[in-house]
Structures are given as C-alpha cells and as structure tokens.
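The sequence shown begins at 31 in my numbering and counts up by one. Cβ atoms here follow ideal geometry from the backbone N, Cα and C, with glycine treated the same way. Okay, so here's the structure we're looking at.
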Amino acid sequence: MLLSESKNTKVMGSCQRPNTSTTNSSNSVPGGWALKARKCSRFTKQVNNFLLELFLVGEETGRKDLRARITSCLNVLQEFVYRTTLSLQDHCRRLKFGSPFYNKALVNHVIKNITLRLGMRCSCRGQCTLDDNCVSYNIGPPIKDQVTCQLSDSDHVQHPKDLVTRGGFMYQSSQEEPIIWSISSHRSEGNRAYSLTVGSVSLPVYCHMTSLGACGGGGWTLVMKINGNKGTFHYDSKYWSDKNFFNLVGGRTGFDSQETKLPTYWNTPFSKICLGMKVNQKQPNFIVINKKADSLYSLIADGKHRNTSLGRDTWKTLIGSQASLQLYCNMEGFNCDCVKAKTRIGIVANEYANACDYCDSRIGFGGAGVYDVNNTCGNVAVWYPDNGERYTRAMGYIFVQ
C-alpha cells in the first residue's frame, strides 16, 4: 500500500519527525504497482509449476529418499517464494495464520476447490494468501496421492457453528495484524493524513486531531466515508462483511464526498465511535457511541444485531431539525433489520406500538428498505413519522478512537 504523500509522519508505536521528502500522489494506484501486482501473481504461478514438475521427476525415479528430500526442499522453497512475492505489499496480501484445527473443516463458505499433489499440500496456504477473497482454508485427506485445498471467504470466528468435525481434514484461518500507531504524540500536528502501520505496511489515513462536535476530544481515526447517493455501501454490500478496502486515496482526506473503506475497518480496536452526517453541503453533525470492540468489522460482519442506547432524539441530531422518524420500535445499533427498513449502523422505527416487524423509517449508515431503496446513508421516513415524510441523503463519516 505504498501510496506516499508529502510530509507524512510514520507512526509505529512511537512518534517520529515528519518525513521531509516529497513524492507525487495521484488519485489512483500508480501503474507501476499494478504491473508489480501482475508480476507477483505470474511469478508465483510459474514457480509453483516448476516445483510441481520437480516433484513429479522425483516420483518417477521411484527413490523414496530422493522424493523425501525434494518434498522438504519444496516446502522451504515455497515458503521463500510466498514471503518474497508478498513483500510487494499492496496487491499481494501478507497474512499471518493461526494454529491449525485437525479433523475440522469450515463448511458453507468454500469459494474455490483446488486439487494438489500430496507433497504440495503446503501450497494451500499460499493459494489462500494470493486470493483476495480467501480468509481461511481446509485441506482434505489424501486420496490417491492427491489432496483437496478448499478456500473459504469466511472463518470460524464469524461462523463458529460452521466449523464441523471432518476426519482427516485440517482447517486454518488467517489472522491479520492490527494497526499500530500512537496518536498522543501527534495531536499538535493538525488534521491530516498520517502514515499508520498495518502489519508491515504503511498506509496514509486521515486523522482528526481536534474536537469533532458532540464526539469530543481529538485523536479520531477515519474508517469509512459513505455517499448516500451511491450504492457502494448498501446494506447488502459485501464490503460490510469482508476485509477488502475501497478507494484508499479517499482515506487520505477529511470531510469531502470521496467514499472509502480503509483497513482500519477490520484492524483497529477502539472504545468510541464517532458518526457524522453532512446534508446539503452544510457542516456535518456528529454523535458518539461508547463501545469497546476489536474492530468495526467484529460488530457488523456476522449480521447480528447489537444494541446501543443513544435514543431516537440523539440519532435525529445527525440530520438536524429536518430529521423525522416514526414513533415506535426504535431498534438502534448495529445491523438493524426491520424488513422494510435496515441500517448497518443507525436506527429504524415503526408506526405501531410494540411492533418491530415492518418499519418504514430509518436514519443511518449502510441503509436499505422498501422506500428510497438506493438511499444508503441518511434519513427515510413515511407512514405517520413525527416530522413529515423524508427522503434525505447524506454524506456519512465514521471514525474510531
């Protein structure tokens, strides 16, 4: 993720002086890195093919000692290849894997089945690393000198019931390293992009060092920006449940109209969330959620509703005096699904007392519903809301601290 800009300060657990060197920035990933990404993938595939041919030669000799030595060599070589190619960082992921689960397999989430020679089974981990959608993998038992490598787009943390007993299988999931940085030493340096360390990768991320209205004190790290007129972060978008970033360049700036989803979505623990909405290019309004979590991903990705207790009046302040909601239900928090109105972060309401089955109004981020279905951030209200019908679209901002 080598997207450099002038006057970046690298933050790696301790404060360093601003970098005085200046490099060019652009609105897209530089073409050189796209070329390196292609070379990374091509080189790895070529080496895999070479290793497989070498292994087959060993088999054809019929010498067990030679085959064992070649297999050992393959394991070392493959580890070297994956570590080397992944050091390109940006388009080639760098993953850390947890301890394996033997006689276990993750079901219902397999996105790719790959047949490997028995001596090549260790390359399954590399295949997972090279697939942007892979989060974990299963390796099946040997069948006629072959094993099946199954890549999955989820893991046992998100879906514990899907980790089942399977004789002869082995399951292993990735564990991406958290973002490391220190904010206290940089509060005097202003609201701008700082270089945060994600594992071994440095990434420019906008940090707001001064107060954000109702959210209070500075030191806020940007996670997402959502344009309510666009469908990028619709309630049903995979971006809420995956670990893929969107438009990293948009993560360098503050309260503009560029959408973004940063690795801070799944890598950054926090104790507070600051939510902001800007309507009609006015100054954004903010509210704060006091919630401790490993990441925003951990609160949203599994689709389970997690309640907050801010109250309907607080949520309405995001929109301002024109906000409108029905009077009842008032389901709030994360993953609010009331059939006809949904939000990933926000509140939904209904016109019937003691009924949360078919809500018609909502305020929030990652919205969807029967009414104004394409409004992904803002306020929708019909059927006897308290301040008239509303179809208000907003620019949303999500920070953590």
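- Here DSSP, grouped into helix, strand and coil, assigns W345 to helix.
- Fully enclosed alpha helix (DSSP H) runs of no fewer than 4 residues occupy 294-297, 326-330, 342-346 of the region 279-363, in order along the chain.
- T251 counts as buried, since at least 16 other C-beta atoms from the protein chains shown sit within 10 angstroms of its C-beta.
- DSSP places T251 in the uninterrupted beta strand (DSSP E) bounded by 250-257.
- Under the DSSP assignment, G156 falls in the alpha helix (DSSP H) whose first and last residues are 153-160.
- Going by DSSP, G376 is part of the beta strand (DSSP E) stretching over 371-380.
- In the same chain as Y401, and ignoring 5 residues on each side of it, the C-beta atoms closer than 6 Å to its own belong to V410, V412, in chain order.
- The Cβ atoms of G396 and T422 lie no closer than 9 Å to each other.
- Here D367 carries a strand assignment [DSSP, helix/strand/coil].
- Look at G149 here: in three-state DSSP terms it is helix.
- With respect to the C-alpha of T178, the residue from P299, P234, C154 having the closest C-alpha is C154.
- In this model, L278 and A383 are separated by some 44 Å (Cα to Cα).
- Shown here for D183: same chain residues with a beta carbon closer than 8 Å to its own, the five before and five after excluded, namely H139, I141, N163, C164, V165, D272 in chain order.
- The three-state reading of DSSP puts P415 in coil, since its state is none of H, G, I, E or B.
- Under the DSSP definition of a beta bridge, S166 partners with S182, S203.
- When rounded, the separation of the alpha-carbon atoms in L329 and V187 is 12 Å.
- Residue pairing by DSSP puts V235 in a beta bridge opposite Y224.
- For N168, the closest alpha carbon among the candidates G149, V194, K174 is that of V194.
- In the structure shown, the three-state DSSP call for C386 is coil.
- Within a 10 Å sphere around the beta-carbon of I173 sit fewer than 16 other beta-carbons, which makes this residue exposed.
- With a 10 Å radius around the Cβ and a threshold of 16 neighbouring Cβ atoms, V430 comes out buried.
- The beta-bridge partner set that DSSP reports for A398 consists of K372.
- Burial check for T240: the Cβ neighbour count within 10 Å stays below 16, so the residue is exposed.
- Within its own chain, the residues whose Cβ lies closer than 6 Å to the Cβ of C237, once the five positions on either side in sequence are excluded, are Y224, T251, listed in chain order.
- Taking a 10 Å sphere around the C-beta of S325, we find 16 or more other C-beta atoms and assign the residue as buried.
- Residue pairing for A135: DSSP places it in a beta bridge opposite V194.
- Distances from the alpha-carbon of T159 to those of G170, M425, Q180, L148 put Q180 closest.
- Non-local beta-carbon contacts of Q356 in its own chain, meaning distances under 8 Å to residues more than five positions away in sequence, involve A379, N380, E381, C389, D390, S391, A411, W413, Y414, P415, D416 in chain order.
- Within the same chain, Cβ atoms closer than 7 Å to the Cβ of L148 are found at P172, D175, Q176, V177, the five residues on either side in sequence being excluded.
- In this structure, the straight-line span from the alpha carbon of V235 to that of I144 is close to 37 Å.
- The DSSP-derived three-state label of Y269 is helix.
- With respect to the 9 Å criterion, I377 and M361 are classified as neighbours on the basis of their beta carbons.
- Cβ contact annotation for V318 (same chain, cutoff 8 Å, sequence separation greater than five): A244, C245, G246, K302, I303, C304, L305, in chain order.
- The continuous stretches of beta strand (DSSP E) do not include G128, and DSSP gives it neither H nor E.
- Residue nearest to A371 within the set T347, A353, L348, N405 is N405 (criterion: CA-CA distance).
- The three-state secondary structure of G408, taken from DSSP, is strand.
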